[in-house]
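2 protein chains.
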Amino acid sequence: MLTLYDYLPSGNGYKVRLLLSQLGRRFRLVEKDIVNGETRRPDFLALNPNGRIPLIRFEDGRCLAESGAMLWHFAEGTPFLSSDPFERALTLQWMFFEQYSHEPNIATARHWIQHLGGRAKWTGKIEEKIERGHQALAVMESHLRERAYFVGERYSIADIALYAYTHVAEEGEFDLSRYPAVRRWLDRVAGQPGHVPITQGVFD
Amino acid sequence: MLTLYDYLPSGNGYKVRLLLSQLGRRFRLVEKDIVNGETRRPDFLALNPNGRIPLIRFEDGRCLAESGAMLWHFAEGTPFLSSDPFERALTLQWMFFEQYSHEPNIATARHWIQHLGGRAKWTGKIEEKIERGHQALAVMESHLRERAYFVGERYSIADIALYAYTHVAEEGEFDLSRYPAVRRWLDRVAGQPGHVPITQGVFD
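Chains as they are written, first to last, in our numbering: chain A, 1424 to 1627; chain B, 1424 to 1627.
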C-alpha cells in the first residue's frame, strides 16, 4: 500500500489526501510533526533529503516529494487532469502559481499565526506576506469572475492545488469577503463528490 | 510565430529560451524591464494578470505563464522529457523543488545584489535567503554525488530548470566551490548540444 508521510494541518499534504480520497485510492498515513522538527531528523532525511512533508513512499520503496508532482502523477489518466495539451499546460501554470505566488504567502502567514507564536511575533515580516497573499487572491478572483473552475470549466488538480490553502486563508487573517468569486468557487470545490475536510481523508 | 515576453537576465526566462533554442524552435522576443515595472502596467497585465515574465503568447493569441509549465509543454514528446511515469513525476518533483526551495532564495539574493541596490541594502533580509539557498544547493550536491543528471541519467528539463539560477548563483554571492558535484554537473549541462548562454538564444 502507498504510504503518505504528512502533517494533518498541512495544505500541501491535504492536496494529496484529497485527491487520493476522491480517486478511492487507499493509503497509509504516517504523521510527522513539522513544528517539532520531525522531518529534519536523519530517518526522514534518508527518505527526503529536502526534509519536507508531504512525501509518498510507493510499495517498492521509491519515494516522491513535492505535492504538485504527486497530484500530477496520481491524476494522470483520470478525470482530474485533462488530456488536452494546452489545458495540461494551464493546469501546471496554476499549480506553479500556487507554489510560487500563493502558498509562500498565504500558507506561511497561517503557519506563523496558528502554529508559530501568533501574528504579533512576526511583526515586520508578516506584512509582506499579507500584501502578496492578497495579490494572489486578486489574480484568482479576476480569473474566477467568469469561470466555474481554473482550467477547462471542470474540477481538476488545479482546483485542488489552489483550494488547499485558500479555504483556510482566514486562519492567516485574510478576509475573503473581498473575493466573492473565490468564495463561490470554494463552495463548488467543497461540493465535489468524495470531498473530505483538511484534517481528514480516507486512509488507514 | 511564438512570442516570448522576457527579461534577459531572468533565469526563469532563460529556461524557456534554452529549451526552445535546443529544440530548434524559433520565437520572437519582446523584452520587458522588470526593474522598471514594465510587467505591472495595464498592457502586460491584460496578457498575464500575475504581472510576471516569462510569458508565452502562441500564434492564436493564447497565453501561458510560469516557466515550469512552458518547459513541460514544449518538452512533451521530445527527448527532454521522459515518457516513463515515475521519471516524469521525478522531473516535476525537481521542477517544483526549484521554484519553492531554490529560486526564491538563490535568484532573489542575486536579483537584490545585482539589480536592486547591492547586498548591504538588504542586510537583515538576505541572510535567510543565503542560508536557505545553501540548503537547496546541499540537496542538489547530495543527489548529484552519484548521478550525472537529475532524472533518469539523462539531460532533461529538470536539469534546465535547476541550471538556470545555479550557474549564476555566484552573482548572488553563493560560493559553489563547496559543491563539487554540482560544479561538474554545471559543466555537463553547458556542454549539451545547442547550449546558449543566459542572455542569448536563437530568437528573432
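Yeah, the Cβ is synthetic: ideal placement off N, Cα and C, and Gly gets one too. Source: prediction; values computed, not measured.
Is the shortest distance between the beta-carbon of residue i and the beta-carbons of chain A less than 8 angstroms?
i: B/Pro1508; result: yes
i: B/Gly1491; result: yes
i: B/His1557; result: no
i: B/His1496; result: yes
i: B/Pro1472; result: yes
i: B/His1534; result: no
i: B/Gly1600; result: It is Ser, not Gly, that sits at residue 1600 of chain B in the sequence shown. Not an interface residue.
i: B/Pro1603; result: no
i: B/Arg1451; result: no
i: B/Phe1520; result: yes
i: B/Ser1565; result: yes
i: B/Ala1587; result: no
i: B/Ala1469; result: no
i: B/Ala1543; result: no
Closest by CA to residue i, which one among the options?
i: A/His1566; options: B/Val1591, B/Thr1462, B/Leu1470; result: B/Leu1470
i: A/Val1439; options: A/Leu1494, A/Thr1462, A/Glu1454; result: A/Leu1494
i: B/Ile1583; options: B/Glu1551, B/Lys1552, B/Ala1498, B/Arg1570; result: B/Ala1498
i: B/Val1619; options: B/Leu1425, B/Gly1447, B/Met1424; result: B/Gly1447
i: A/Gly1617; options: A/Asn1435, A/Leu1442, A/Pro1432; result: A/Leu1442
i: B/Trp1545; options: B/Gly1491, B/Gly1595, B/Asp1466; result: B/Gly1595
i: A/Gly1474; options: A/Arg1463, A/Arg1570, A/Arg1451; result: A/Arg1463
i: B/Asp1456; options: B/Pro1432, B/Ser1444, B/Phe1597, B/Arg1449; result: B/Pro1432
i: B/Gly1500; options: A/Pro1502, A/His1496, A/Pro1508, A/Thr1501; result: A/Pro1508
i: A/Glu1454; options: A/Phe1481, A/Thr1426, A/Phe1573, A/Trp1535; result: A/Thr1426
i: A/Met1424; options: A/Arg1511, A/Ile1476, A/Gly1575, A/Arg1485; result: A/Arg1485
i: B/Pro1628; options: B/Val1574, B/Val1562, B/Arg1577, B/Val1458; result: In this structure chain B extends from 1424 to 1627, so residue 1628 of chain B is not present and cannot be described.
i: B/Val1458; options: B/Ser1506, B/Asp1483, B/Gln1537; result: B/Gln1537
i: B/Asp1598; options: B/Arg1533, B/Phe1519, B/Glu1569, B/Glu1576; result: B/Arg1533
i: B/Glu1526; options: B/His1557, B/Glu1510, B/His1496, B/Pro1502; result: B/His1557
i: A/Trp1517; options: B/Arg1511, B/Ala1492, B/Pro1502, B/Gln1522; result: B/Ala1492
i: A/Arg1611; options: A/Glu1554, A/Tyr1523, A/Arg1577, A/Arg1555; result: A/Arg1577
i: A/Ala1581; options: A/Ala1512, A/Trp1535, A/Ile1476; result: A/Ala1512
i: B/Val1591; options: B/Ala1571, B/Arg1570, B/Ala1613; result: B/Ala1613
i: B/Arg1449; options: B/Arg1568, B/Arg1480, B/Gly1547, B/Ile1549; result: B/Arg1480
i: A/Glu1593; options: A/Glu1569, A/Leu1452, A/Trp1535; result: A/Trp1535
i: B/Glu1551; options: B/Phe1519, B/Glu1564, B/Asn1528, B/Pro1502; result: B/Asn1528
Give a yes or no on whether 8 angstroms exceeds the smallest Cβ distance from residue i to chain B.
i: A/Leu1515; result: yes
i: A/Glu1499; result: yes
i: A/Ser1505; result: no
i: A/Tyr1523; result: yes
i: A/Pro1465; result: no
i: A/Ser1444; result: no
i: A/Pro1527; result: yes
i: A/Phe1597; result: no
i: A/Arg1485; result: yes
i: A/Ala1571; result: no
i: A/Val1562; result: yes
i: A/Ala1512; result: yes
i: A/Ala1530; result: no
i: A/Ala1584; result: no
i: A/Ala1581; result: no
i: A/Ala1488; result: yes
Can you tell me where the beta strand (DSSP E) with residue i in it begins and where it stops?
i: A/Ile1479; result: 1478–1480
i: B/Phe1497; result: It is not in any beta strand (DSSP E) - B/Phe1497 instead sits in the alpha helix (DSSP H) that spans 1490–1498.
i: B/Glu1554; result: B/Glu1554 -> not in any beta strand (DSSP E); alpha helix (DSSP H) instead, spanning 1549–1567.
i: A/Val1453; result: 1450–1454
Assuming residue i and residue j are in contact, meaning their beta carbons sit under 8 angstroms apart, how far apart are those beta carbons, in whole angstroms?
i: A/Tyr1428; j: A/Leu1478; result: 4 angstroms
i: A/Leu1708; j: A/Val1605; result: There is simply no residue 1708 of chain A to check, as chain A begins at 1424 and stops at 1627 in what is shown.
i: B/Ala1587; j: B/Tyr1437; result: 5 angstroms
i: B/Leu1609; j: B/Thr1589; result: 7 angstroms
i: B/Gly1434; j: B/Ala1530; result: 6 angstroms
i: B/Glu1489; j: A/Leu1515; result: 7 angstroms
i: A/Leu1487; j: A/Ser1579; result: That belief does not hold up - the Cβ atoms of A/Leu1487 and A/Ser1579 are roughly 20 angstroms apart, past 8 angstroms.
i: B/Gln1445; j: A/Tyr1523; result: Not a contact, Cβ separation roughly 24 angstroms.
i: A/Glu1510; j: A/Gly1575; result: 5 angstroms
i: B/Ile1549; j: B/Arg1542; result: 6 angstroms
Locate the alpha helix (DSSP H) running through residue i, then write down its first and last residues.
i: A/Leu1585; result: 1580–1589
i: B/Leu1427; result: Here B/Leu1427 belongs to no alpha helix (DSSP H); instead the beta strand (DSSP E) covers 1425–1429.
i: A/Gly1541; result: Where A/Gly1541 is concerned, there is no enclosing alpha helix (DSSP H), given that its DSSP letter is neither H nor E.
i: B/Leu1437; result: Here residue 1437 of chain B is Tyr; the residue named in the question, Leu, does not match the sequence. Unbroken alpha helix (DSSP H) run through B/Tyr1437: 1434–1446.
i: A/Ala1613; result: 1603–1613
i: A/Phe1573; result: Careful: A/Phe1573 lies outside any alpha helix (DSSP H) and carries neither H nor E.
i: A/Pro1465; result: 1465–1468
Less than 7 angstroms between the CB of residue i and some heavy atom of the ligand SAH, yes or no?
i: B/Ser1444; result: Ligands are entirely absent from the displayed structure, and the ligand SAH is therefore not among its contents.
Closer than 7 angstroms by beta-carbon distance: list the chain E residues that pair up with residue i, in chain order.
i: B/Val1574; result: Absent from the structure is chain E; the protein chains it does hold are A and B.
Just list the alpha helix (DSSP H) runs in the segment 1498–1539 of chain B, keeping only unbroken ones of 4 residues or longer that don't cross its boundaries, in chain order. 1508–1520, 1526–1538
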